[in-house]
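Each protein sequence line maps, in turn, to chains A and B.
According to my numbering, the residues represented by the first sequence are 138 to 518, in order.
According to my numbering, the residues represented by the second sequence are 2 to 532, in order.
Glycine is no exception: its CB is placed at the ideal position from the N, C-alpha and C atoms.
Since the structure comes first, as structure tokens, the remarks are kept for the end.
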Amino acid sequence: MSVDKLKRTVLGAIAASFFLVSGAVFAAIGDMPLNLTKGVTETSQRVYDLHMIILYIVTVIGIIVFSVMCWSIFHHRKSKGAVAAQFHHSTTAEIAWTIIPIIILVAMAVPATKTLIFMEQTGDAEMTLKVTGYQWKWKYDYLDEGVTVWSALDQASNEARQRDSGIDPGTVENYLLDVDNPIVLPVNTKIRILTTAADVIHAWWVPALGWKRDAIPGFINDNWTNIKEPGVYRGQCAELCGKDHGFMPIVVRAVSKQEYAAWIEEQKAAALAAADGANREWAKDELLAKGKEVYAANCVSCHQANGNGVEGLFPALNGSAIVNGPAADMINILLNGKNLMPAFKEQLNDADLAAVMTHERNSWDNTAKDIIQPADVKAAR
Amino acid sequence: MSYAAVHDDEHHDHKPTGIGRWLFSTNHKDIGTMYLVFALIMFFIGGAMAMVIRLELFQPGLQYVDPQFFNSMTTVHALVMIFGAVMPAGVGLANWMIPMMVGAPDMAMPRMNNMSFWILPFAFTLLLSTFFMQGGAPAGGWTMYPPLVLQLGDGLPFLIFAVHFLGLSSIMGAINIIATVFNMRAPGMTFMRLPLFVWTWIITAFLLIAAMPVLAGGVTMLLTDRFFGTAFFDAAGGGDPVMFQHVFWFFGHPEVYILVLPSFGIISQIIPTFARKPLFGYASMVYATASIAFLSFFVWAHHMFTVGMPLAGELFFMYATMAIAVPTGVKVFNWTATMWKGSMTFETPMLFSIGVLFMFTLGGFTGLMMGITPVDFQYHDTYFIVAHFHYVLVPGIVFGIVAGVYYWLPKWTGHMYDETLGKWHFWLSTISVNILFFPMHFLGLAGMPRRIPDYNTQFTDWNQIISIGGLAFGLSQLILVWVVIKCIRGGEKATDQVWEGAHGLEFTLPSPPPFHSFTTPPEVTDATAHS
């Protein structure tokens with residue numbers, strides 16, 4: 138009796154601690170990310186529903202199959218005196234477990250096909266956004282408005298993510314999921330989104346929109362979205378695109394149609410002002426200040442903050458013959474690119490290019506120490 | 002390599018001695034041993050790279066490695082594990098077991114056998130030497146997608162030639178297996194009496210012969226794109242970068258089954274032995290394996306749903322992918338039915354086989370989920386797929402290989418292995434492998450992309466749990482090494498049959514078997530065959 142009692146007490150204690158531990162685990166997991174987002178579009182909602190349906194189906198199948206296995210493992214064991222039966226086939230059973238899965242699969246294929254057809258209807262869009270992937274930033278062209286936005290990792294994340302930066306990523310808001318220039322899209326509008334790339338393959342993915350699609354150099358992929366709720370939606374590049382693949386996030390700010398129209402006007406005005414930069418003489422300090430910003434946003438990931446580059450991959454600017462050589466050669470490389478170095482002709486305006494070159498020629502151990510004016514760049518285009 | 006030196010000292014076979022025995026070996030057992038030892042070494046090299054990945058991902062921010070080196074780690078980890086660990090382990094088991102299982106003295110082409118093994122160390126020297134080159138080791142993913150892969154520095158031709166050599170080695174191995182099984186079966190060993198391990202390997206060998214040349218062609222086009230001015234994959238020259246992905250995955254999907262079918266074969270040997278009951282549905286197992294292999298050539302594009310295919314293409318590849326669930330289901334049901342009403346015992350090989358049964362099935366479920374195209378648009382290139390293929394590859398395939406090693410180790414060495422240590426190995430591996438890979442499902446669904454060296458802080462907790470699981474899993478594998486060494490050095494004498502419920506020709510030979518397995522072909526009847 139006392140042995141039985143002891144056994145019961147021990148089992149009870151084990152069971153109680155099991156429930157306590159699993160309770161604590163579930164409480165902790167409750168705060169941790171677990172499932173697919175429902176998102177903010179009809180597509181994402183449909184995809185979420187489909188995901189849940191399939192998850193439930195495979196869970197039920199799993200419970201049935203695993204239960205049979207477990208039953209067998211616990212009951213048909215030699216230590217319990219089980220004697221092996223010698224049957225080795227059953228045509229009925231084998232036909233049944235071929236036909237039943239086929240029926241289940243067909244049942245799954247029906248909603249999947251409907252959703253896929255829905256997702257591929259890219260026609261009758263009200264506006265078009267062209268997304269171009271670059272190593273390692275995004276360019277957005279609002280084709281109907283003639284507005285272009287360049288979007289790269291924000292400064293705070295970029296500083297914190299450098300090795301040995303000493304900055305705790307926990308102190309950076311939206312670490313690695315924030316950009317310098319978020320794009321703005323109107324809600325309740327069918328937007329056609331074209332994806333392509335300039336160098337290698339990228340993939341544009343905002344989970345809340347319900348899909349991702351590769352951005353392939355030389356090809357244009359056709360997608361659409363229709364955002365139901367205003368808000369800020371974040372995503373990342375999803376196709377390995379080189380060294381800084383993990384550092385080219387996407388931020389979409391969905392706003393009302395009126396706010397969107399106002400934002401477009403702002404962008405147009407800003408573009409005009411920037412284009413004007415080449416028409417005046419800039420002071421050295423002004424160029425140096427702007428150049429530092431441009432360098433941090435566009436150059437630092439390859440050529441590094443100390444200008445020494447990465448051996449074997451990205452050449453040093455510190456002490457470089459080109460940076461210390463004639464201005465015309467340097468302008469040519471920045472405009473048109475060289476080997477892995479992308480052409481910055483389209484990415485940066487005359488003032489940005491002049492500023493960053495001035496910054497480089499005056500930084501580190503470089504001896505050129507001269508000024509390049511935006512007008513020089515404009516003339517070289 | 003030292004470990005086989007002891008195990009056959011009591012036979013009177015003519016066998017070479019010293020280093021020449023290994024360098025010039027034409028013996029299926031010695032070559033099998035070399036394959037297995039090589040695979041084990043590569044498993045630990047690839048595992049060390051995984052440890053670097055998990056170390057860097059233990060917390061947000063970059064602490065230990067640069068992003069470029071991180072990408073090299075993920076890329077080379079995959080190449081080493083697939084081509085260096087899993088495939089050679091499968092070939093090693095085939096080398097050891099197939100001649101004994103079909104009643105032959107050795108493989109059909111022993112010199113080619115030697116060459117197909119000795120290519121491997123050279124191929125991996127080429128591959129791993131890229132770490133010391135300008136531009137570093139391959140960092141564009143094991144899938145080698147252009148244009149990214151073409152940005153690699155001096156290492157690119159080394160990567161490509163390493164792949165060529167690996168393909169050459171695999172094709173030679175495959176030809177040898179086919180020739181052996183087709184020509185050297187003992188009298189009475191008809192095709193439908195072959196052990197299932199032999200069946201899965203014949204089918205695997207045909208897959209290898211069909212798929213590896215496609216990969217070789219694809220990477221050769223990369224080579225000419227980079228060095229000879231062609232533009233197969235460059236849109237600016239009229240090419241198409243997506244074409245490479247089609248070529249690659251036309252190899253890559255059959256490759257998945259090249260990896261998994263031998264594991265299916267192994268557990269089809271082990272489960273009947275320890276259930277003391279014949280394999281359920283032998284014929285349907287053979288047909289299901291063949292159907293899986295056949296279908297595997299029609300589903301490649303499900304690896305690249307997001308490249309933007311026409312609707313009809315997406316639908317075709319979705320339906321074809323779902324269809325593979327049917328023969329795979331048949332196999333799982335047959336294994337379950339084999340255990341049903343058996344008289345089971347749970348020695349280490351059986352434990353690992355049951356592990357395969359449960360966890361491969363789990364990986365199969367997520368595979369089905371990703372076959373559903375519209376949902377795959379969310380899952381693709383996230384940790385969800387990382388979870389899926391690691392479930393299939395580690396507890397699905399590596400566990401199968403480990404099960405095979407425990408199952409046949411007493412036959413190879415003549416000694417029983419340490420059962421207690423084996424059980425520790427199984428339980429520690431099973432617990433840690435789930436801590437390692439299960440949370441990856443959550444990370445993927447929550448939106449963490451794969452192949453990133455750093456992540457948003459919301460993903461920290463799961464990543465820490467995963468890294469701890471990874472370390473535990475890696476350390477647990479050292480038990481295997483200890484068990485194998487201990488077993489070679491001594492232990493309880495193994496009987497010829499080794500396991501109470503074991504059937505098949507390999508268990509009619511002494512343990513350890515003679516240097517030349519069957520010098521006189523045995524007569525095979527239904528009673529002595531596996532099925």
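Name the DSSP bridge partner or partners of residue i?
i        : result
A:Ser288 : A:Trp275
A:Arg371 : A:Val388
B:Val92  : Answer is none; B:Val92 lacks a bridge partner.
A:Asn360 : A:Ile330
B:His78  : Answer is none; B:His78 lacks a bridge partner.
A:His339 : A:Ala352
A:Ile320 : A:Val389
Which residues of chain A have a Cβ atom closer than 7 Å to the Cβ of residue i, listed in chain order?
i        : result
B:Trp143 : Per Cβ cutoff of 7 Å: no residues; B:Trp143 is ~10 Å from chain A at best.
B:Asp462 : Met169
B:Asp67  : Arg300
B:Trp341 : Ser209, His213
B:Pro375 : Val184, Leu187, Ala249, Thr252, Leu253, Met256
B:Pro1   : As displayed, chain B neither begins before 2 nor continues past 532, which places residue 1 of chain B out of reach and without an answer.
Name the chain B residues whose beta carbon is nearer than 7 Å to that of residue i?
i        : result
A:Thr250 : Leu316
A:Glu376 : Asp382
A:Thr235 : Val327, Val331
Going along chain B in order, which residues have a C-beta closer than 8 Å to the C-beta of residue i?
i        : result
A:Gln223 : Lys278, Pro279
A:Tyr312 : Pro61, Asn457, Thr458
Please compile the residues from chain A whose C-beta is within a distance smaller than 8 Å of the C-beta of residue i.
i        : result
B:Met323 : Leu242, Met245, Ala246
B:Lys412 : Correct list: empty, because the minimum Cβ distance to chain A is about 22 Å.
B:Tyr283 : His225, His226
B:Asn72  : Leu377, Gly379, Lys380, His382
B:Phe359 : Phe203, Met206
B:Thr346 : Arg214, Lys215, Ser216
Distance, Cα to Cα, residue i vs residue j?
i        : j        : result
B:Leu209 : B:Ser171 : 7 Å
A:Pro463 : A:Ile470 : 12 Å
A:Pro386 : A:Glu263 : 26 Å
B:Phe439 : A:Ala406 : 51 Å
B:Gly240 : B:Gly314 : 20 Å
B:Tyr146 : B:Gln246 : 7 Å
B:Leu479 : B:Val357 : 20 Å
B:Phe84  : B:Ala95  : 16 Å
B:Leu80  : A:Lys175 : 36 Å
B:Met222 : A:Cys378 : 20 Å
B:Tyr430 : B:Phe228 : Residue identity differs from the one stated: residue 430 of chain B is Ser in this sequence, not Tyr. Cα-Cα distance, rounded: 45 Å.
Under a CB-based cut-off of 7 Å, is residue i close to chain B?
i        : result
A:Asp317 : no
A:Val286 : no
A:Gly368 : no
A:Leu331 : no
A:Trp275 : no
A:Arg350 : yes
A:Ala219 : yes
Under 7 Å between C-beta atoms, does residue i make it to chain A?
i        : result
B:Thr337 : yes
B:Leu459 : A quick correction: the sequence has Gln, not Leu, at residue 459 of chain B. Taking Cβ atoms only, chain A reaches closer than 7 Å to B:Gln459, which makes this a yes.
B:Phe443 : yes
B:Ala6   : Reliability of the predicted coordinates at B:Ala6 is poor, the pLDDT of 46 falling under 50, and no value is obtained from them.
B:Val525 : no
B:Ser354 : no
B:Gly448 : yes
B:Trp250 : no
Cβ closer than 9 Å: which chain A residues qualify as neighbours of residue i?
i        : result
B:Arg227 : Chain A residues near B:Arg227: none, gap ~13 Å exceeds 9 Å.
B:Gly309 : Thr332, Arg350, Asp351, Ile353, Phe356, Ile357, Asn358, Asp359, Asn360
Whose Cβ in chain B lies nearer than 9 Å to the Cβ of residue i?
i        : result
A:Asn499 : Within chain B, no residue comes near A:Asn499; the closest Cβ sits about 28 Å away, beyond 9 Å.
A:Gly283 : Those do not exist, as A:Gly283 stays about 25 Å from chain B at its closest Cβ, beyond 9 Å.
Please determine whether the Cβ atom of residue i lies at a distance below 6 Å from any heavy atom of the ligand SAH.
i       : result
B:Asp31 : Judged by which ligands are present, the structure shown has none, so any question about the ligand SAH falls away.
Below 8 Å, can you find three or more Cβ-Cβ pairs linking the segment 462-472 of chain B to the segment 388-406 of chain B? no
Is it the case that the segment 82-99 of chain B contacts the segment 196-211 of chain B, given that we only count it when at least three CB pairs across the two stretches are under 8 Å? yes
Answer yes if the segment 91-111 of chain B comes into contact with the segment 514-525 of chain B, meaning at least three C-beta pairs across the two stretches below 8 Å, and no otherwise. yes
Contact the segment 193-207 of chain B vs the segment 135-142 of chain B: 3+ CB pairs below 8 Å: Taking 8 Å as the limit for Cβ pairs, the verdict is that the segment 135-142 of chain B does not touch the segment 193-207 of chain B.
Using a Cβ distance threshold of 8 Å, determine whether the segment 68-75 of chain B contacts the segment 37-45 of chain B, with at least three qualifying pairs required. no
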